[in-house]
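Just so you know, the protein sequences line up as chains A and B, in that order.
Here the first sequence stands for residues 19 to 326, numbered as in my numbering.
Here the second sequence stands for residues 19 to 326, numbered as in my numbering.
Structure first, then comments.
2 protein chains.
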Amino acid sequence: MAITVVGSVAFDSIETPAGRRERCLGGAATYFSLSASFFTDVRVIAVVGEDFGRRQEAVFQARNIDTRGIEHTAGKCFFWEGSYLENLNEAKTHTTDLNVFAAFEPKIPEAYRDSEFLFLANIDPVLQRCVREQMPDVRLVAGDTMNYWINDHRTALLEVLKGLDILLINDTEARVLGGNKNLVQAARAVMALGPKTLVVKHGEYGATLFHSSTPENETAERIYRAPAMPLEVVVDPTGAGDSFAGGFFGYLASQPELTPAAYRRAMFYGSVMGSFACERFGTERLQSLTRKEIDDRFILFRELTHLD
Amino acid sequence: MAITVVGSVAFDSIETPAGRRERCLGGAATYFSLSASFFTDVRVIAVVGEDFGRRQEAVFQARNIDTRGIEHTAGKCFFWEGSYLENLNEAKTHTTDLNVFAAFEPKIPEAYRDSEFLFLANIDPVLQRCVREQMPDVRLVAGDTMNYWINDHRTALLEVLKGLDILLINDTEARVLGGNKNLVQAARAVMALGPKTLVVKHGEYGATLFHSSTPENETAERIYRAPAMPLEVVVDPTGAGDSFAGGFFGYLASQPELTPAAYRRAMFYGSVMGSFACERFGTERLQSLTRKEIDDRFILFRELTHLD
């Protein structure tokens with residue numbers, strides 16, 4: 019099944035203990051779609067400026083990602099500058115220039131309308147909602163957000179959450195959004211806001227999937243934990259969360275049935291894709307990746323965590 | 019196989035968001051031995067004061083723990099007072115009174131001499147070494163330590179590490195001791211100091227086992243990750259790490275062969291015992307626990323993390 023994703027396509031300047039890169043291709047929708055493209059068809063909705071050229075376009079084309087929903091307009095692409103010099107788990111943002119995203123009005127190409135899966139990548143919740151409302155009939159909607167929207171745009175975000183089946187956020191975001199330091203209690207509070215399924219990413223410690231229980235099925239498959247691989251060298255964590263989301267949602271979209279077992283494997287594929295993303299700057303590793311490498315790492319993750 | 023453990027037997031006054039308890043029975047050797055006693059015979063070496071009475075003794079007796087190595091002397095037991103009001107993952111220490119431990123000279127009872135397993139719980143490395151040297155022929159030696167000894171008693175600690183097969187510490191301790199923020203690199207640096215196996219505990223995120231590779235066997239079983247269960251209510255994390263160590267080492271001591279599979283199951287039992295310890299204040303939960311509850315939670319942990 020095809021996934022439509024809306025989110026940023028951007029340039030990032032990144033500094034980590036491994037070095038510095040100026041104006042890499044980046045953005046949540048870019049990482050998500052590269053990652054998901056290993057599992058299913060992906061269609062992107064975004065806006066770019068005149069600085070987005072053939073070289074950037076080619077990155078999407080190499081993975082057969084549909085870019086007809088990327089609007090080209092006057093101005094410059096979204097730009098982010100950040101560093102991870104003190105803490106590889108948390109970026110320090112130096113610059114965020116919305117540029118062409120400031121006046122973005124997402125439109126859904128006709129060819130995208132039959133997408134059964136929709137991913138609302140981390141972006142202004144007003145834009146997330148605008149896309150969600152234009153695609154009311156999708157089968158499964160997942161989304162991401164960040165502390166900035168949770169703290170300063172809560173009302174708009176709460177509207178988005180009502181329309182989500184799955185929310186993917188990190189620990190801190192889950193605790194802030196759920197208003198509780200205890201992860202299980204925070205998860206319950208977040209799921210009460212809309213999403214029946216919550217994926218909380220713990221960075222190098224993996225991720226936890228929470229399914230809200232139903233009156234008929236109070237205990238089944240409520241919690242699942244997937245590992246992350248302890249990496250010896252983390253070159254650049256930018257986009258690891260979006261790559262996790264791409265592996266997770268891309269795998270789900272590739273499955274005939276959304277069984278509990280499919281969700282478990284999706285969590286593993288999410289962790290696998292997140293671990294690859296950190297191995298090189300920007301999208302470099304996702305661009306060079308093969309499906310065989312993904313499946314080999316899946317097996318490695320299984321060995322890393324299974325009793326037998 | 020019997021385990022001899024040396025460490026503190028103490029009284030703790032503890033404050034957590036769930037409440038406050040004055041002078042609970044505590045200490046690393048207490049938690050370790052209660053936890054390990056579900057798997058194998060345990061013998062304790064410690065020193066207590068006149069405030070250690072029949073009620074405290076009965077806690078050990080109820081689990082058939084050999085207390086002949088607990089020396090009774092004039093004075094008061096080791097006393098610790100701490101709180102977890104802001105952060106359940108890290109205690110804030112208010113008081114540490116060594117009391118009878120200040121002049122402790124550990125002696126090994128004759129009846130303990132055939133122990134094949136030795137655990138050096140978190141205590142002054144000078145005392146750990148003293149016990150280690152009195153038991154040169156044990157089959158497997160594991161130990162614990164903390165930042166205080168790593169930072170301020172490094173020379174004495176390094177001597178202890180040379181005599182350890184397995185070291186169990188937490189993330190922060192591994193990074194400080196290994197002098198590296200990257201966990202994999204820190205683990206390698208720590209293993210170069212002596213222990214061939216390192217268990218790094220990540221609190222609510224589980225634990226990672228590192229085996230140092232040998233020239234003959236460079237990749238086999240080098241890393242294994244065990245989960246922790248996301249707990250809805252953490253009443254008191256005191257002793258969770260010692261209880262982890264008790265489950266881990268107790269299970270290993272119960273096994274006929276120390277295979278990689280045995281280490282994997284030991285990691286799971288460690289996580290299981292750590293999770294129980296947090297459910298009540300002090301040693302309460304370990305005292306009421308049954309082997310059936312332990313095995314049920316083992317199965318739950320398997321379901322929580324396994325693909326099928």
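The beta-carbon is built from N, C-alpha and C at its ideal position, and this holds for glycine as well.
Item	Value
Name the chain B residues that come within less than 8 Å of Met210/A, Cβ to Cβ?	Looking at the sequence shown, residue 210/A is not Met but Ala. Residues of chain B passing the Cβ test: none, with the nearest at roughly 15 Å.
For the beta strand (DSSP E) containing Tyr242/B, list its first residue and its last residue.	Ile241 to Ala244
Which whole-angstrom value describes the C-beta separation of Phe57/A and Ala271/A, a residue pair presumed to lie in contact below a C-beta threshold of 8 Å?	7 Å
Where do the ends of the beta strand (DSSP E) carrying Thr34/B lie?	Ala28 to Thr34
When you compare the CB of His324/A with every CB in chain B, is at least one pair closer than 7 Å?	yes
Just verifying my parser: in three-state terms, what is the DSSP assignment at Thr300/B?	Before going on, a small fix: residue 300/B reads as Gly here, not Thr. Coil at Gly300/B, not helix or strand.
What are the boundary residues of the alpha helix (DSSP H) that includes Thr48/A?	Ala46 to Ala54
Exposed or buried, what is Asp189/B when buried is set at 16 or more other beta-carbons lying within 10 Å of its beta-carbon?	buried
Going by the beta-carbon positions, is the gap between Asn140/B and Gly67/B smaller than 7 Å?	no
Taking the alpha-carbon positions, what's the Thr237/B to Ser231/B distance?	Confidence at Thr237/B is low in this model, with a pLDDT of 49, below 50, so the placement of that residue should be treated as unreliable; the coordinate-derived value is given next. If I take the Cα positions, the gap works out to 6 Å.
For a test of the three-state rule: what should DSSP assign to Ala96/B, helix, strand or coil?	Looking at the sequence itself, residue 96/B is Phe, so the reference to Ala does not match. Correct three-state label for Phe96/B: strand.
Under 7 Å, CB to CB, which of the residues in the stretch 300-323 of chain B have a partner in chain A?	Arg320, Leu322 and Thr323
Please identify, using Cβ separations under 7 Å, the residues of the stretch 34-61 of chain B that lie next to chain A, in order along the chain.	none
For Ala279/A, return the contacting residues in chain B, with the cut-off set at a CB-CB distance below 9 Å.	Leu325 and Asp326
Beta-carbon of Val202/B versus every beta-carbon of chain A: anything under 7 Å?	yes
Label Tyr166/B either buried or exposed according to how many other C-beta atoms from any shown protein chain fall within 10 Å of its C-beta, with 16 as the threshold for buried.	exposed
Note down, in chain order, every chain A residue with its Cβ under 7 Å from the Cβ of Thr22/B.	The contacting residues do not exist; Thr22/B stays about 29 Å from chain A at best.
Quickly, what does DSSP pair Ala225/A with across the bridge? List them, please.	Lys219/A and Ala244/A
Quick one: what does DSSP say Thr323/B is sitting in, helix, strand or coil?	helix
Pair every Cβ in the stretch 137-157 of chain A with every Cβ in the stretch 172-187 of chain A, then say whether three or more of these pairs are closer than 8 Å.	yes
So what's Ala20/A in DSSP terms, helix, strand or just coil?	coil
How big is the Cα-Cα spacing for Leu201/B and Asp132/B?	36 Å
Could you spell out where the beta strand (DSSP E) holding Asp115/A opens and where it closes?	Lys110 to Asp115
For Asp69/A, which three-state DSSP category applies?	coil
Might you give, ordered along the chain, the residues of its own chain that have their beta carbon closer than 6 Å to the beta carbon of Glu99/B, omitting 5 neighbours on each side?	Ser31, His112 and Thr113
With distances taken from CA atoms, which of Leu276/A, Thr226/A and Glu222/A is nearest Arg206/A?	Thr226/A
Going by other Cβ atoms of all chains shown within 10 Å of its Cβ, with 16 needed for buried, is His220/B buried or exposed?	buried
Within its chain, find whatever has a CB closer than 7 Å to the CB of Asp313/B; leave out the 5 residues flanking it on each side and keep chain order.	none
Check whether the stretch 63-79 of chain B and the stretch 274-294 of chain B touch, using three or more Cβ-Cβ pairs below 8 Å as the test.	no
From Ser306/B to Gln74/B, what does the alpha carbon distance come to, in whole angstroms?	15 Å
Restricting to Cα atoms, I'd like to know which of Pro143/B, Asp115/B, Val149/B and Pro127/B is closest to Leu136/B.	Val149/B
What residue from Val218/B, Thr85/B and Phe119/B has the CA that sits closest to Ser26/B's CA?	Phe119/B
Whose Cβ in chain B lies nearer than 8 Å to the Cβ of Tyr223/A?	His220, Tyr223 and Gly224
Closer than 8 Å by C-beta to Glu104/A: which residues in its own chain qualify, once you throw out the five before and the five after it? Chain order, please.	Lys110
How about Met19/A and Glu134/A: do their beta carbons lie closer than 7 Å?	yes
Given a cut-off of 7 Å, decide if Val252/B and Leu106/B are closer than it, judged by their beta-carbon atoms.	yes
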